[in-house]
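To start, the structure under review is shown below, and the notes come after it.
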């Protein structure tokens, strides 16, 4: 079935509790900001709409007010996205990598400061990490096609719709690969982030079928747990709706759903990353990047070509020569 230890992933999450709390605060705060801004914008728009002579004015203005509120928060999130990646995600991954390798890390709030120091040593500026992350995400999209997807294993006529759906599931299961590559970068203490990211993507690709199998199993587990959490959060919301009908109950219902989403982002995503890093580090042990896979990825993905060019242009970059036919 899968090749990761659920118990070990849970243990890593427990030991990195300061980051779990940190993630909970950040994601819950962002989602509540979306709800409040959208609701406030819609309310203001509805009030302004009464000035209009159009009978549909209040509803139309409310719609646009909600859109404006949503857009304002989206702009704010866009500006802090690098900070979230640099401090929250990368820091958490740094600590998880050290725990997977059996190294000691500080307990309590000192863990966040320790992780920030590790990340700063690897990526002097947040924008460098962000560029690497975006290029890796773009390059990963080519891997599903290169390994053939599920269609390579089910060449059965008349099942094209099912095969397309399963391939979509596979693509969705690759969501956390950029975090895995970041963990590889931190693990080998690289001072050349673009070159290390390039190597990490190639190593993932040459172990693609093994990694995708585990990623799909993990996606199934995550969706199942997410559904259970969603139901658990809906139960108290439904009770509130029964006892306190009206606008307050409606907000309680929405916030219950928001809490479920924040819980997923804070707990389930770190679990997925810890699990996939276990598989990835074990799979690539003793391997070197295959030049042929480097060439294939460069042909298939413009983002990987850009990543390779930045690697070659930075200190520590190297050119791998694929074997040529005689």
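In the numbering used here, the protein residues as written are 61 to 386.
Don't be surprised by glycine CBs; every beta carbon is placed ideally from N, CA and C.
Residue 70: member of the alpha helix (DSSP H) spanning 66-75, first to last residue. One Cα belongs to residue 193, the other to residue 330, and the distance between them is close to 17 Å. Pairing residue 288 with residue 368, the inter-Cα distance amounts to about 42 Å.
In the DSSP assignment, residue 256 falls within the unbroken alpha helix (DSSP H) covering 253-266. One thing to note: residue 344 has its Cβ no nearer than 9 Å to the Cβ of residue 242. By alpha-carbon distance to residue 184, the top candidate from 160, 200, 147 is 147. DSSP places residue 283 in the helix class (H, G or I) of the three-state scheme.
By the CB criterion at 9 Å, residue 153 and residue 333 fall inside the cutoff. Shown here for residue 86: same chain residues with a beta carbon closer than 8 Å to its own, the five before and five after excluded, namely 144, 148 in chain order.
When 251, 76, 93, 156 are compared, the shortest CA-CA separation from residue 338 is found for 156.
Rounded to the nearest angstrom, the gap between the Cα atoms of residue 199 and residue 268 is 13 Å. Note on geometry: alpha-carbon atoms of residue 349 and residue 365 lie some 16 Å from one another. Here the region 351-359 makes no contact with the region 74-92; the two share fewer than three CB pairs at distances below 8 Å. When the beta-carbon positions are compared, residue 285 and residue 328 come within less than 9 Å of each other. Contact check for residue 175 against residue 252 fails: the beta carbons are separated by 9 Å or more. If the five residues before and after residue 166 are omitted, its C-beta is found closer than 7 Å to the C-beta atoms of 174, all from its own chain and listed in chain order. Shortest Cα-Cα distance from residue 261 to any of 274, 236, 164 involves 236. Residue state for residue 193 is assigned as helix, using DSSP reduced to three classes. A Cβ-Cβ separation of about 6 Å places residue 246 in contact with residue 182 under the 8 Å criterion.
Secondary structure at residue 235: coil, using DSSP grouped into helix, strand and coil.
Assignment of residue 329 by DSSP, reduced to helix, strand and coil, places it in the helix class.
Distance from the CA atom of residue 187 to the CA atom of residue 373, rounded to whole angstroms, is 17 Å. Going by beta carbons, residue 363 and residue 195 fall inside the 9 Å limit. Exclusion of the five residues before and after residue 266 leaves 347, 349, 350, 353 as the residues of its chain whose Cβ lies within less than 8 Å of its Cβ.
By the neighbour-count definition (other C-beta atoms within 10 Å, threshold 16), residue 342 is an exposed residue. Contact check for residue 336 and residue 240: beta-carbon distance about 5 Å, within the 8 Å limit, so the pair qualifies.
Taken through DSSP and simplified to helix, strand or coil, residue 62 comes out as coil. Under the DSSP assignment, residue 175 falls in the alpha helix (DSSP H) whose first and last residues are 170-182.
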